[in-house]
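A.B. asks: Sharing a structure with you now.
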DNA sequence: TTGTAGGCGTTATCAT
DNA sequence: ATGATAACGCCTACAA
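Chains as they are written, first to last, in my numbering: chain G, 1 to 341; chain U, 1001 to 1341.
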């Protein structure tokens, strides 16, 4: 492979000029640039990014740490990050952790190892370095999305899940429901807790008492929504609506209801959360809260770019909150028929 | 940040020994290794991957080029690649192309620029370099998945979509259907053509004549499946089954049928393709063909590792074909009722 | 506007 | 088993 020296020789200039022609063309005479570009085309030259990175001490990569990408919420998030990264000449390194904290910590150390310049997190656990900042070396640029407790001091982007959940419950209450069940996410995740507390807030506002007997816990998967729905149905014959902490579980719940022959929304109203496109084509189409997932990724990447530009502004930990909105489809309606036991 | 020189000094050895302790410990005396490891822990040393890469002429990254990751099929594929990459100390660089050939070609040139060692493709178009191999420099390691025509000479992994489609049609024919519609993918994609020809093969085997009037084209999206279903319904009152070229479109079709009040499977049988987990929880659950998407990614990454190990074996372009299998759920049944006009 | 040269942090070759 | 040292290819003062 040709290198910058070859180009310099062929173009009859010094390597410095070639380097400048590539990175700061304004400093080079147009005629010279032309000769250099000719040489580049001629020799099929491609700058060695490793060498440049070594010299400039950065890789132009950003790690995205997620438990798994095999899930529409996460992949939309990653897509958003990639969009902005690409537009800014950065690359996305995929860091799948499977929820393992050691793996996550290893990804963090890749930053010190210059494999990446920073990391965007969509994880339920924080890497150790956040709680134990390094004394000698400096803190790597980190951006958090969605999942984290309020006391950490990272730049972060999220939606107001608390209010969003309350909003859904409000919608059901307005329709006339007075007994509203919930299927939550795993309660070791901050996001799940937030959505659960929002559910309770919604009930409070509607002057409905919380009944723990009709709160079931899932793990955000279709199957867990299905299972949780069956558990609720068996536990209580009275409730007429159920709010699920994400669309996947809501779709699972829909499937369970269909199997039990309980009609939605006549006998049971069901709501989701996230607004996956699958929810728009379920039977019936799912009432849900739109979460701007792609935009969350984009905002996170922008925060990352900010951190990268101002390495010392660590304390300027900004928080971006993106708007949600209620999407009413056909899975919710006023309670009509009594459910048959 | 501490570097290898610092470690050498603190441990009282040369840089060469430190390097060896890290990469080939068997060549270093255990006692020495211990001193080195102590120094590493002490100084919080992390090897600079950029420097190592420059020296060794590789980045340990592999690019995955996909039109979009925001889709369960693709994300499963990427997850499979990441699994194997991680196990082999390689990283996945996400290359989203949005179907743009220039973007794709740029990703290819990143290999020459040492940002990555090779590329795995899940695209409907091939990068230029495949048709015009470079004369001076050597061909970058490329692995293709699923989408490509048979005449190219890349290592590749795929399923037998042709037979799989025929299998689905066979299933419907066995149930007694004689008028079977199809919703295909975009016909500029090889994968779509393959699935379409498999559909025709299935009809042939069942001695059913092909009727182009009940073949509609979609773009693999939910919405397009929904739209295509409505078009078919309006065009022909007779058919009793429809096979869709992927699960997303089948789910869209299900939604259209539900809206028209046509019951599945009593009045209409519907089949999908891919076996997304959403299909298992639709109403009714979707009969489909299981495609081992994650495994396809894993196999592709293994082919990549092979190519990387034997840079000259370009001609040894292996092809891996992974098995599919029919998943019969409740969206297919013997034709019963007549559809109402 | 252009050139010279030092150095980024490693690995690998060749000695010892 | 260990050490000295020359690359790897680029960027960026500094000099001209």
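By construction, the Cβ of each residue, glycine as well, lies at the ideal position given by its N, Cα and C atoms.
Computed from a predicted structure; not experimentally measured.
(1) If you draw a straight line from the C-alpha of residue 101(G) to the C-alpha of residue 126(G), how long is it?
(2) Which same chain residues end up closer than 6 Å to residue 231(G) when comparing Cβ atoms and leaving out the 5 residues on each side of it in sequence?
(3) With DSSP as the reference, please indicate the residues paired to residue 274(G) in a beta bridge.
(4) Just the Cα atoms here: how many angstroms apart are residue 1290(U) and residue 112(G)?
(5) Please confirm if the region 140 to 151 of chain G is in contact with the region 185 to 197 of chain G, defined as three or more CB-CB distances below 8 Å between the two stretches.
(6) So with Cβ pairs under 8 Å, would you call residue 1328(U) a contact of chain G?
(7) Give the straight-line distance between the Cα atoms of residue 1005(U) and residue 98(G), rounded to the nearest whole angstrom.
(8) Roughly how far, in whole angstroms, is the beta-carbon of residue 1269(U) from the beta-carbon of residue 1333(U), given that I think they are within contact range, below 8 Å?
(9) Run through DSSP, which three-state label would residue 1032(U) get?
(10) Of all Cβ atoms in chain U, is any one closer than 8 Å to the Cβ of residue 94(G)?
(11) Keeping to the same chain, check which residues put their C-beta closer than 8 Å to that of residue 1187(U); ignore five residues upstream and five downstream.
(12) Could you name the residues of the region 1138 to 1172 of chain U whose beta carbon sits closer than 7 Å to any beta carbon of chain G, in the order they occur along the chain?
(13) On the CB-based measure, 16 or more other CB atoms within 10 Å of its CB, does residue 1286(U) come out buried or exposed?
(14) With a threshold of 6 Å on Cβ separation, who are the neighbours of residue 1301(U) within its own chain once the five nearest residues in sequence on each side are excluded?
(15) Of all Cβ atoms in chain G, is any one closer than 8 Å to the Cβ of residue 1263(U)?
(16) At the level of alpha carbons, what is the spacing between residue 1241(U) and residue 1275(U)?
(17) Over the uninterrupted beta strand (DSSP E) stretch that includes residue 1243(U), give me the two end residues.
(18) Along the region 63 to 79 of chain G, where does the CB come closer than 7 Å to a CB of chain U? Name the residues.
(19) Taking Cβ-Cβ distances shorter than 7 Å, what residues in chain G pair up with residue 1277(U)?
(20) Would you mind reading off the limits of the beta strand (DSSP E) that contains residue 61(G)?
(21) What span of residues does the beta strand (DSSP E) with residue 1319(U) cover, start to end?
(22) Flag residue 134(G) as yes if its beta-carbon sits less than 8 Å from any beta-carbon of chain U, otherwise no.
(23) Residue 28(G) to residue 21(G), Cα distance in whole Å?
(24) Is it the case that the region 57 to 74 of chain G contacts the region 112 to 123 of chain G, given that we only count it when at least three CB pairs across the two stretches are under 8 Å?
(25) Tell me, to the nearest whole angstrom, how far the beta carbon of residue 1205(U) is from that of residue 1176(U); I am working on the premise that it is less than 8 Å.
(26) Under the three-state reduction of DSSP, which class applies to residue 58(G): helix, strand or coil?
(27) From the beta carbon of residue 230(G), is the nearest beta carbon of chain U less than 8 Å away?
(28) Under 8 Å, Cβ to Cβ, is there at least one residue of chain G near residue 1205(U)?
(29) Is the shortest distance between the beta-carbon of residue 119(G) and the beta-carbons of chain U less than 8 Å?
(30) Any beta carbon from chain G within less than 8 Å of residue 1199(U)'s own beta carbon?
(31) Any chance the region 1033 to 1043 of chain U sits against the region 1007 to 1021 of chain U, with 3 or more Cβ pairs inside 8 Å?
(32) Which residues bound the alpha helix (DSSP H) around residue 1217(U)?
(33) When DSSP labels each residue in this structure, what does residue 1329(U) get in the three-state scheme?
(34) Roughly how many whole angstroms lie between the Cα atoms of residue 1(G) and residue 1320(U)?
(35) For residue 119(G), list the residues DSSP reports as bridge partners.
(36) For residue 1088(U), would you say it is in contact with chain G, using Cβ-to-Cβ distances shorter than 8 Å as the test?
C.D. replies: Let me lay it out:
(1) 8 Å
(2) 216
(3) For residue 274(G), DSSP records a beta bridge to 290(G).
(4) 42 Å
(5) Between the region 140 to 151 of chain G and the region 185 to 197 of chain G, the count of C-beta pairs closer than 8 Å reaches three or more; the two stretches touch.
(6) no
(7) 36 Å
(8) 6 Å
(9) The three-state reading of DSSP puts residue 1032(U) in helix, counting H, G and I together.
(10) Any Cβ of chain U closer than 8 Å to the Cβ of residue 94(G) would place that residue at the interface, and such an atom is present.
(11) 1193, 1196, 1217
(12) Cβ contacts with chain G: none found.
(13) buried
(14) Hits under 6 Å: 1081, 1084, 1085.
(15) no
(16) 18 Å
(17) 1241 to 1244
(18) 68, 69, 70, 72, 75, 76, 78, 79
(19) 222
(20) Note, residue 61(G): beta strand (DSSP E), 61 to 66.
(21) 1319 to 1322
(22) Taking 8 Å as the CB threshold, residue 134(G) lines the interface with chain U.
(23) Linking residue 28(G) to residue 21(G) through their CA atoms gives a straight-line distance of about 6 Å.
(24) yes
(25) Contact doesn't hold; Cβ gap of about 15 Å is too wide.
(26) coil
(27) no
(28) no
(29) no
(30) no
(31) Touching, yes, given that three or more Cβ pairs across the two stretches are closer than 8 Å.
(32) Careful: residue 1217(U) lies outside any alpha helix (DSSP H), inside the beta strand (DSSP E) at 1215 to 1217.
(33) coil
(34) One C-alpha to the other measures close to 32 Å.
(35) 63(G), 142(G)
(36) no
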